[in-house]
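Asks: Sequence lines, in order, name chains A and B.
Everything in the first sequence is counted per the working numbering, starting at 4 for the first residue and increasing by one.
Everything in the second sequence is counted per the working numbering, starting at 9 for the first residue and increasing by one.
We put the beta carbon where it would ideally sit given N, CA and C, even for glycine.
Quick caveat, the model's predicted, so the values are computed rather than measured.
My questions will all concern the structure given below.
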Amino acid sequence: MSGTFVGMPAFPTAAREALADTQLRRNLAHATHTIRDKRARVVAEVEDWEDLRLAGAGVKEAALRDLATHLETLEASLVRAGATVHWARDAEEACAIVADVARRHGADEVVKVKSMATQEIGLNEALEAEGIAAWETDLAELIVQLGDDLPSHILVPAIHRNRAEIREIFRRRMADVGRAAPDDLSDEPGVLAGAAREHLREKFLRAKVAVSGANFAVADTGTLVVVESEGNGRMCLTLPEVLVSVVGIEKVVATWSDLDPMLRLLPRSSTGERMNPYTSTWTGVTPGDGPQEVHVVLLDNGRTRALADEVGRQALRCIRCSACLNVCPVYERVGGHAYGSVYPGPIGAILNPLLRGVSDEQTASLPYASSLCGACFEVCPVRIDIPSVLVDQRAAVVDSHRGDRVPKAEAAAMKAAAWTFADARRLRWAERASGLAGRVLGRFSRTTLPGGRAAAGRLPGPGAGWTGARDLPAPPAESFREWWDRTDGGQDGDRR
Amino acid sequence: MSARDEILGRVRAALADVSPAVSVPAAPRVPDRGDLVGLFVERVEDYRAVVTRCAEADLASVVADVLGTARAVVPPGLGLTVADAVVDEGLSAADLDAIDAVVTRAAVGIAETGTIVLDHQPDQGRRAISLVPDLHVCIVDESQVVADVPDAIALLDPARPLTWISGPSATSDIELDRVEGVHGPRTLHVVLVG
Ligand code: SF4
């Protein structure tokens, strides 16, 4: 079925390959700019957007700080509503639980709603190994799955494919796994979507078991929430007899009314709409309506590791809106695949090392996939200070390399970074120096990045491993910290 | 140790240095926008859904016009006679797939976002009936329209399954070209009564 990220090369290598792909870069630039313009328009419509962000960050932060209590409450509420609750320490346990439910119902296939958590645990591959086919039903996920491909963006995973390629994939592959694409299939998006509707409808109508994730899990009521656009989510959540939802433990919010800021923040930040076409909520089993057997798998898989990280735990507030991807100058140029994970972009650069640790080279390279420009923090609906976590994770990478006998170029750069980041005063000094360099590089730069920012060419010395693969955005003339001090954390409204 | 106890133990250990108390700032309210019903219509139409306004007395004929020759399924508690309609008494998904349209009421309308919320009471029916047919005719009373998301959340009962609908289903997955109508009803027609 679809590919896997395991064994992906480290970011610099993967990024160099991605940069050579002009189609990919053009598609990405178009996508990120379009979505971010839409977002900016609907965010500007909300007068108190900054207060709404504060409320959203507060809801998630409060839930995380007392997570054990809320998880116990959630479990009790779910059980009261007729759901079965499972706990999974890691990916393997979670996949085994889902496979077991499917097997008990004699199912050799399940329909799936797009879910980051099930991608993270490699559920499709695990089910396939058990002889159970997992059908992705989100249009983009279907394109990715039929094309034996990898998702490249959280929100629009097939954005690296153009319409002609999608038509080709449908014509070549649909017939192998179900209803074939019509012979006269054109490459009109409306026609392609119609083919997906026909192809998937037969699967929705016959599937016994569905698998979903959840955007939110409400502790005091036991309600799960799925936010979507196409209606494939509603199909999966409504028609099959059995529903299994794999939910990361960080998805908890304390109360029903906590959904208010979240449901206002998410669609505007994500697709740039006032509200997404469909949001479904369900609380256990409703007699005579929808699945009569409901399972919820509460998943750790590294989340408690991230939670233990004093600086990094805020990353668990993430609601996967993908706004930070769309404003990131690095993501825009290299795309999602280079991150080697289902979580790409700025959030991926911090979440992957927090969930998995930095012992492998691939993950260890991620905290460096950033210019620390701070745009990700400004758009984040739950105010995750991604730049600060990145800096902290770089220090963690350095720590993990301290015992190396032969320092690699990377390790050398990291050691310098550690010396710098170990002391706030030195960091301030280094940032100023880098700001200075930014102004100098800006003056001599040979390229301009999207958004008009200057780009620097190849850096000498230890930085060459990174800049050799890309045009490094010149450091901002003002560091994040300087900006923060000058504007009192942005409170005075100065966006510069 | 069970997975449950181990995970909860890890959570407690991870948070040993953290005080659980944190004050959550209240979410801001939208300013008064005046004509809520007018805003609701405008915002629903923004999603390329169709809105028809009518008086209670004309409802049956307006619904008949909207349906035209389409055969509809209706929930048992619709409270309106729809000619030739099939009343849902546990139709299978395959049965529903052979039906063109569905007529339901709604629980709440949200002006700010142009959203209709169904809570699947007997006047709206099971979730499946408003999902499988290709045309959804949704009757909303003007008195059901509230200003914004928090007002809706306060009115809705989380114990019931809820479906929030903002326009017809849509996708932008192919080159970000917006296509209306994928898996849900490809046409949403709101009949606003009042
Ligand atoms: S980190 Fe913030 S902006 Fe990025 S996906 Fe998560 S919630 Fe959205």
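How many Å lie between Ala47/A and Glu53/B at the Cα?
Replies: In the first sequence, the residue the question calls residue 47/A occupies position 44. In the second sequence, the residue the question calls residue 53/B occupies position 45. Cα to Cα, the separation comes out at about 20 angstroms.
Asks: Is the Cβ of Val443/A closer than 8 angstroms to any Cβ of chain B?
Replies: Residue mapping note: residue 443/A aligns to position 440 of the first sequence, counting from 1. Caution is warranted here: a pLDDT of 31 is assigned to Val443/A, below 50, making its placement in the model unreliable, and the coordinate value is therefore given only provisionally. Closer than 8 angstroms: no.
Asks: Along chain B, in chain order, which residues have C-beta atoms closer than 8 angstroms to that of Ser260/A?
Replies: One-based indexing of the first sequence puts residue 260/A at position 257. Correct list: Pro158, Ile161 and Ala162.
Asks: Quick check on the DSSP output: the alpha helix (DSSP H) that includes Trp52/A runs from which residue to which?
Replies: Sequence index remark: in the first sequence, residue 52/A carries index 49 (1-based). Note, Trp52/A: alpha helix (DSSP H), Trp52 to Arg68.
Asks: Going by Cα to Cα distance, which pick from Arg323/A, Leu358/A, Leu301/A and Cys321/A is closest to Thr307/A?
Replies: The sequence position of residue 307/A within the first sequence is 304, counting from 1. Nearest C-alpha to Thr307/A: Leu358/A.
Asks: What's the gap between the Cα of Ala326/A and the Cα of Val382/A?
Replies: Here residue 326/A is taken as the residue at index 323 of the first sequence, counted from 1. Here residue 382/A is taken as the residue at index 379 of the first sequence, counted from 1. Distance between the alpha carbons of Ala326/A and Val382/A is about 6 angstroms.
Asks: Measure from the alpha carbon of Val201/B to the alpha carbon of each residue in Trp172/B, Ala65/B, Glu14/B and Pro36/B, then state which is nearest.
Replies: On the second sequence, residue 201/B is found 193 positions in, with the first residue counted as 1. The option with the nearest alpha carbon to Val201/B is Ala65/B.
Asks: Whether or not the segment 341–360 of chain A and the segment 174–187 of chain A are in contact is what I'm after, with contact meaning three or more pairs of Cβ atoms, one per stretch, closer than 8 angstroms; do they touch?
Replies: no
Asks: Enumerated in chain order, which unbroken segments of the alpha helix (DSSP H) with a length of 4 residues or greater are wholly contained in the segment 82–140 of chain B?
Replies: For the segment 82–140 of chain B, whole alpha helix (DSSP H) runs of length 4 or above, ordered along the chain, are 101–105.
Asks: Tell me where the alpha helix (DSSP H) around Ile350/A begins and ends.
Replies: Locating residue 350/A in the first sequence gives position 347, counting from the first residue. Its alpha helix (DSSP H) spans residues Gly348 to Arg359.
Asks: Would you tell me roughly how many angstroms separate the C-alpha atoms of Ala106/B and Arg209/A, rounded to the nearest one?
Replies: As a working mapping, residue 106/B is identified with position 98 in the second sequence. As a working mapping, residue 209/A is identified with position 206 in the first sequence. Their backbone Cα atoms lie some 15 angstroms apart in a straight line.
Asks: Determine the DSSP secondary structure at Val147/A, reduced to helix, strand or coil.
Replies: Within the first sequence, residue 147/A is the residue found at index 144, counting from 1. It is helical.
Asks: Within 10 angstroms of the Cβ of Ala24/B, are there 16 or more other Cβ atoms? Answer buried if so, exposed if not.
Replies: Stepping through the second sequence from its first residue, residue 24/B is reached at position 16. Ala24/B comes out exposed.
Asks: Using a Cβ cut-off of 7 angstroms, pull out every chain A residue sitting near Asp185/B, in sequence order please.
Replies: As a position in the second sequence, residue 185/B is number 177, starting the count at 1. Those are Pro192, listed as they occur along chain A.
Asks: Anything in the segment 69–97 of chain B with a Cβ closer than 9 angstroms to a Cβ of chain A? List those residues in chain order, please.
Replies: Listed in chain order, the positions of the segment 69–97 of chain B with a beta carbon within less than 9 angstroms of a beta carbon of chain A would be empty, since no residue qualifies.
Asks: Taking 8 angstroms as the cut-off, decide whether the C-beta atoms of Tyr55/B and Ser138/B are in contact.
Replies: Counting from one through the second sequence, the residue named residue 55/B turns up at place 47. Counting from one through the second sequence, the residue named residue 138/B turns up at place 130. Not in contact: Tyr55/B and Ser138/B (Cβ atoms no closer than 8 angstroms).
Asks: Confirm, please, whether the CB-CB distance from Pro290/A to Asn279/A is below 8 angstroms.
Replies: If you number the first sequence from 1, residue 279/A lands on position 276. If you number the first sequence from 1, residue 290/A lands on position 287. It is not a contact, given that the beta carbons lie outside the stated cut-off.
Asks: Contact criterion: CB-CB distance below 8 angstroms. Does Ile15/B meet it with respect to chain A?
Replies: One-based indexing of the second sequence puts residue 15/B at position 7. Yes, its Cβ sits closer than 8 angstroms to a Cβ of chain A.
Asks: Quick one: which chain A residues come within Cβ less than 7 angstroms of Thr195/B?
Replies: Sequence index remark: in the second sequence, residue 195/B carries index 187 (1-based). Per Cβ cutoff of 7 angstroms: no residues; Thr195/B is ~12 angstroms from chain A at best.
Asks: So is Thr112/B in contact with chain A if we call contact Cβ pairs under 8 angstroms?
Replies: As a first step, residue 112/B must be located in the second sequence, where it is residue number 104. With 8 angstroms as the cut-off, Thr112/B does not count as an interface residue toward chain A.
Asks: Can you check whether the C-beta of Val58/B is within less than 8 angstroms of a C-beta belonging to chain A?
Replies: Translated into positions along the second sequence, residue 58/B becomes position 50. Chain A contact via Cβ: absent.
Asks: I want to check one thing, is the minimum distance from the CB of Asn270/A to the heavy atoms of ligand 1 below 7 angstroms?
Replies: On the first sequence, residue 270/A is found 267 positions in, with the first residue counted as 1. Reading off the sequence shown, one finds Pro at residue 270/A, where the question assumed Asn. Incorrect: Pro270/A has no Cβ contact closer than 7 angstroms to ligand 1.
Asks: With distances taken Cα to Cα, identify the nearest neighbour of Gly85/B among Thr112/B, Arg37/B and Leu184/B.
Replies: Here residue 85/B is taken as the residue at index 77 of the second sequence, counted from 1. Distance check between Gly85/B and each of Thr112/B, Arg37/B and Leu184/B places Thr112/B closest, using alpha-carbon atoms only.
Asks: Going by DSSP, name the residue or residues bridged to Val113/A.
Replies: Stepping through the first sequence from its first residue, residue 113/A is reached at position 110. Val113/A is bridged to Ala137/A.
Asks: Can you give me, in chain order, the residues of the segment 134–151 of chain B that have a beta carbon less than 7 angstroms from any beta carbon in chain A?
Replies: Arg134, Arg135, Ala136 and Leu139
Asks: What do you reckon, is the C-beta of Val385/A under 7 angstroms from a heavy atom of ligand 1?
Replies: The count along the first sequence starts at 1 and reaches residue 385/A at position 382. Indeed, a heavy atom of ligand 1 lies less than 7 angstroms from the Cβ.
Asks: Taking Val157/B and Asp54/A to be in contact with their CB atoms under 8 angstroms, please state how far apart those CB atoms are, rounded to whole angstroms.
Replies: Residue numbering aside, residue 157/B sits at position 149 when the second sequence is read from its first letter. Residue numbering aside, residue 54/A sits at position 51 when the first sequence is read from its first letter. Not quite, the Cβ-Cβ distance comes to about 14 angstroms (not below 8 angstroms), so this is no contact.
Asks: Nearest-angstrom Cα distance between Val255/A and Asp92/B?
Replies: Counting from 1 along the first sequence, the entry for residue 255/A is found at position 252. Counting from 1 along the second sequence, the entry for residue 92/B is found at position 84. Cα to Cα, Val255/A sits roughly 46 angstroms from Asp92/B.
Asks: Give me the subset of the segment 28–40 of chain B whose CB atoms are less than 9 angstroms from a CB atom of chain A, sorted by chain position.
Replies: Shown in chain order are the members of the segment 28–40 of chain B whose Cβ falls below 9 angstroms from a Cβ of chain A: Pro28, Ala29, Val30, Ser31, Val32, Pro33, Ala34, Ala35, Pro36, Arg37, Val38 and Pro39.
Asks: I need the DSSP call for Ser325/A, collapsed to helix, strand or coil.
Replies: Counting from one through the first sequence, the residue named residue 325/A turns up at place 322. DSSP places Ser325/A in coil when its eight states are reduced to three.
Asks: Does the Cβ of Pro243/A have 16 or more other Cβ atoms within 10 Å, making it buried, or fewer, making it exposed?
Replies: Translated into the one-based positions of the first sequence, residue 243/A becomes position 240. Buried: at least 16 other Cβ atoms inside 10 Å.
Asks: According to DSSP, is Ala80/B helix, strand or coil?
Replies: As a position in the second sequence, residue 80/B is number 72, starting the count at 1. Here Ala80/B sits in strand by DSSP.
Asks: State yes or no: is the C-beta of Cys239/A nearer than 7 angstroms to some heavy atom of ligand 1?
Replies: Numbered from its first residue, the first sequence carries residue 239/A at position 236. For ligand 1, not one heavy atom lies less than 7 angstroms from the Cβ of Cys239/A.
Asks: Is it the case that the CB of Arg37/B approaches a heavy atom of ligand 2 more closely than 7 angstroms?
Replies: Looking for ligand 2 in the displayed structure turns up nothing; the ligands present are ligand 1.
Asks: Distance, Cα to Cα, His128/B vs Ser362/A?
Replies: For the purposes of this step, residue 128/B is taken as residue 120 along the second sequence, with counting starting at 1. For the purposes of this step, residue 362/A is taken as residue 359 along the first sequence, with counting starting at 1. Looking at the two C-alpha atoms, the distance is approximately 50 angstroms.
Asks: Nearest CA to the CA of Gly17/B: which residue from Ala178/A, Ala71/A and Asn235/A?
Replies: Locating residue 17/B in the second sequence gives position 9, where the first residue counts as 1. Considering only alpha carbons, the answer is Ala71/A.
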